[in-house]
Amino acid sequence: MFRSNVLARPLIAALWMYLLSIGGTFNGVLLLEIQRVTLALMVLLVAGWLLLRWRKRWYWHRTVLDVVTLLWVFAIVVSLLANQAIWRRSVVGIWYVMLYIGVWYILHDVVANRAVTREKIIDGLLIGSVLVILFGYLQTIFWLRDNLPLFRAGLLGIGLPRPGSLIGNPNALGGLLLMLLPLAAGRYLMVRRRFERILLSVYVVSVVFLLFLTFSRGAWLGSAAGLFIFGWLFLVHEDLLSVGALRLWWRGQTARIRALVSVFLTIFTITLAGGILLFMRSFAFSGRGLGLRTGIYQAAVDLFSERPIVGSGLFTFGRGLARMQSMPPETPHSHAHSIPLNVGVELGVIGLVVLGLTIVVLLRAMRRNWLQVGDDRRLLFVATFAAVVGFGTHQLVDIPAMMPVIALVGLVVLAVATMPLDVTRLTGQRVPLHSSILVVGWGVLLVFGFRDHLRYNDYLSVMQVAADSENFRQGAENLQPLIDADPSFAIYYLQQGMLYGLAADEGDETALQSGIVSLENFVALEPTYAVGRVNLAALYRQAGRDDDALSLMQDVVNDAPDAWSLAYQLGRYAESLGETQIARSAYQHMLRIRPDTFLLPGWGETFEADEFADDALQRSAAAETVRLLDDGQIVAANMLWRSSGESQQSSRRRYVIDVLLTLALGNREDAVTALDNLSLLTEGEESAWLHLGQARLASFDGDFARAASEIEQARSALVLKPFENDYATGDNLTLLQFLRLGISRQFLPQVGYITADPILLHLLENES
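The sequence shown begins at 0 in numbering that gives the first Met the number 0 and counts up by one.
As structure tokens, then:
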């Protein structure tokens, strides 16, 4: 594995180390400095490849994907022509498709011309991944360090750390590890030196345990499929597929080998049984239910049914999902979490047919290699075939390949598994045509990459200056040249509208009108995202266009029906305009979504509270306890709370309720204990809960000055800074839908979007 007589392995390992640590991750896509290095590296690699093939007089060869590549291009072009209104979004996806096609042909070229072997490529990948594995374990250690005190105090249930390592996402890390596992196991079987086997044994065990810690069920499923193929092909290779052959082999082994095999099979069986049990039970865990995927899958089916032949266009699934799911509170996603569903939505039946043909071509290529390869190299194909199957299985239930580095690893492993052993040279007129298309294609790819990089540089410079200076109007104006140069790129309008809106919040009337124009442009290009329309409605209202604001908010609440805060704002709009029926309906909708919002201060001022009383609404025990305490029913509140399951949960709200009750009952010692537990759970904005609890304790002690100070700090903790995140996963809109950094705050201050717990707001409002 570690031969020093060639530079191929260390060079390939260094390239993989860069791609896996920063270059091919979303950090590499989004961060300008890394983009710059990656593009420069691409130029060097392409130039070096062209120079090498010119000096060595390499031949061009056919690849197994020549025909299907043309079919993919056809499917993408047809879908693009049928969806010209969103061409700018599709261009983002097309650039990456071109990149992967270009990498495929370069990789095939260097292997076919014997510049590098398949083994060196795999070894380089395994070595380059060591840093990712190490950082995964470092993250686990830090997680344990931070959470062990909470475990000991009983404040946190036992769970897995779900490291993302340098990849940044547990599911994507799992997508890498499931390919490394069979590759490392295969190389273990191929090497003979004891030192190499020890290293690879440690490598395999490290990958297995880290894969478990990711809690990526899709990766677990993919690894199970890959290991099944690995075991089956290994038995075929060793001619041990029959019971008789296995018995004969067993009889020929030493007692030591039998013992080792028995121990391994026992551990494997126990691990497999435990894994299956955990896999099945995991769907009952909080935040891990089937609904998180099935909702996206159903949306994909619905979107496919709308345009079944040509699809909605490459890289547009997220746009359609925003219309099918309530955003907020749902997370904007850029893919359907299943390759067939994603291809069906974006490229229609044409794309699905090409996908099916691609799978058939690849399977036939792997079968041909398996039949032709000699016994001395078969183990390499056992490993790569297993990695391909694992990778493909994972893409059926998730798409970690949306991250470039995972796509590249999968592409490289696929190439190693399917590149013909008996390559066919191109001859005649095909040679200049082939070379021209590939060289020109790489040239176009790099030119567009650098052009986009320069625009992104200008964009980030403008945004950074606006954030540092808080001169939002000037920042918005500085975005205009970028918009003029790329008027179809919707995200620039949204960011400009946010900047103008922040300026308008400070009283700039001209910025108000400009913000309306910017957001209208965004909504025209991307009408499915509630974020743009909510902000536009807020600016309409500020500009006195009340009817427009009300109408737009009604549409938003219909499209984001699970966002109780937006229903609340609609009620406030309607109530201020005397539209009592609309307001009543909005408040009732709000209460159905979040029954605890009956505690929100200041809503329904023109209505009697009894109008909204509904025994069917399942208010939380915490909210009912607070209501009883407000009414002075301390004993009833205590009985309700102690008999509820919420009083046993480890949450900030639980410990504050404990403080309120114990102080109301005159028990200061238990209140202090609750506050100590609360302090272990609290950080950042969540400190509002802690300040509230400390204020109540200070009032109990008669220190009213400190109580007032604590309440002020609690309220201050809830005030968002101009660019601070208010919709936890909302910035996925900019990051994943448009591959741009942007303002983390999704809603303008004028919207009044509520991020805090209604119980917390109620308690703070009632503090003197």
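Cβ atoms here follow ideal geometry from the backbone N, Cα and C, with glycine treated the same way.
Item to check | Three CB pairs or more closer than 8 Å across the region 126 to 143 and the region 30 to 48 | outcome: no
Item to check | Reduced DSSP secondary structure (H/G/I, E/B, other) of Arg56 | outcome: coil
Next on the checklist: Relative to the C-alpha of Asp546, which candidate in Ser575, Leu98 and Ala7 has its C-alpha closest?
Outcome noted: Ser575
Checklist entry - Are there three or more Cβ pairs, one per stretch, closer than 8 Å when the region 746 to 762 is compared with the region 687 to 696? => result yes
Checklist entry - In whole angstroms, what is the alpha-carbon distance linking Trp640 and Ser619? => result 10 Å
Checklist entry - Does the distance from the C-beta atom of Arg280 to that of Gly347 stay below 8 Å? => result no
Checklist entry - Quick one: complete alpha helix (DSSP H) runs, 4+ long, within the region 14 to 54? => result 25 to 29 and 31 to 54
Checklist entry - Taking the C-alpha atoms as reference points, what is the distance between Glu469 and Glu508? => result 17 Å
Checklist entry - So Phe556 packs on Ala585, CB below 8 Å; how close in whole Å? => result Residue 556 is actually Val in this sequence, not Phe. The Cβ separation is near 7 Å, so the contact holds.
Item to check | Collapsed DSSP secondary structure at Arg641 in the structure displayed | outcome: helix
Checklist entry - What did DSSP end up calling Arg377 once you bin it into helix, strand or coil? => result helix
Checklist entry - Expressed to the nearest angstrom, what Euclidean distance is found between the alpha-carbon atoms of Thr392 and Ala400? => result 12 Å
Checklist entry - Would the beta-carbon of Gly163 fall within 8 Å of that of Leu149? => result no
Checklist entry - Excluding five sequence neighbours on each side, which residues of the same chain lie with their C-beta closer than 6 Å to the C-beta of Asn637? => result Leu660
Checklist entry - So is Ile490 buried or exposed if we call it buried at 16+ other beta carbons inside 10 Å? => result buried
Checklist entry - Who pairs with Arg424 in a beta bridge, going by DSSP? => result His60
Next on the checklist: On the criterion of 16 or more Cβ atoms from any shown chain inside 10 Å, does Ser78 qualify as buried, or is it exposed?
Outcome noted: buried
Next on the checklist: I need the straight-line Cα distance from Ala111 to Leu44, nearest angstrom please.
Outcome noted: 17 Å
Checklist entry - How is the alpha helix (DSSP H) around Ala416 delimited, first residue to last? => result Pro403 to Thr417
Checklist entry - Using DSSP with H/G/I as helix, E/B as strand and the rest coil, what is Asn534? => result helix
Next on the checklist: Just to confirm my understanding: we take Tyr654, look at its own chain, exclude 5 residues before and 5 after, and list those with CB closer than 8 Å. What are they?
Outcome noted: Ala673, Leu674, Asn676, Leu677, Leu680, Trp688 and Gly692
Item to check | Unbroken alpha helix (DSSP H) run spanning Trp602, endpoints | outcome: Trp602 -> no alpha helix (DSSP H), and no H or E assigned at all.
Checklist entry - Grouping DSSP H, G and I as helix and E and B as strand, with all else coil, what is His452? => result helix
Checklist entry - Based on Cα-Cα distance, which residue from Ala183, Asp108, Pro327 and Ser642 lies nearest to Ile121? => result Ala183
Checklist entry - Roughly how many angstroms lie between the CA atoms of Val438 and Ala46, to the nearest whole one? => result 10 Å
Checklist entry - Around the Cβ of Asp483, are there at least 16 other Cβ atoms within 10 angstroms (buried) or fewer (exposed)? => result exposed
Checklist entry - Just the Cα atoms here: how many angstroms apart are Leu137 and Val242? => result 44 Å
Item to check | Through-space distance from Gly741 to Gly167, alpha-carbon basis | outcome: 18 Å
Item to check | Ile256: first and last residue of the uninterrupted alpha helix (DSSP H) it sits in | outcome: Ala254 to Arg280
Checklist entry - Can you tell me whether DSSP reads Arg2 as helix, strand or coil? => result Residue confidence is low: Arg2 scores 43 on pLDDT, short of 50, so the model does not pin down where it sits. Its coordinate-derived value is still stated next. Residue state, collapsed to three classes: coil.
Item to check | Burial state of Ser311, where buried means 16 or more other Cβ atoms lie within 10 Å | outcome: buried
Item to check | Stretch pair the region 508 to 528 + the region 464 to 478: three plus CB contacts closer than 8 Å | outcome: yes
Item to check | Close-in-space but distant-in-sequence residues of the same chain around Arg2 (CB under 6 Å, 5 per side omitted) | outcome: Its pLDDT being 43, under 50, Arg2 is placed unreliably in this model, and the value from its coordinates should be taken loosely. The answer is none, since no qualifying residue turns up.
Checklist entry - Among Ser646, Glu685, Ala523 and Asp657, which one has its Cα closest to the Cα of Ala84? => result Ala523
Next on the checklist: Taking the beta carbon of Pro169 as the centre, do at least 16 other beta carbons fall within 10 Å, making it buried, or is it exposed?
Outcome noted: buried
Next on the checklist: Quick check: what's the CA-CA separation for Thr383 versus Val412?
Outcome noted: 6 Å
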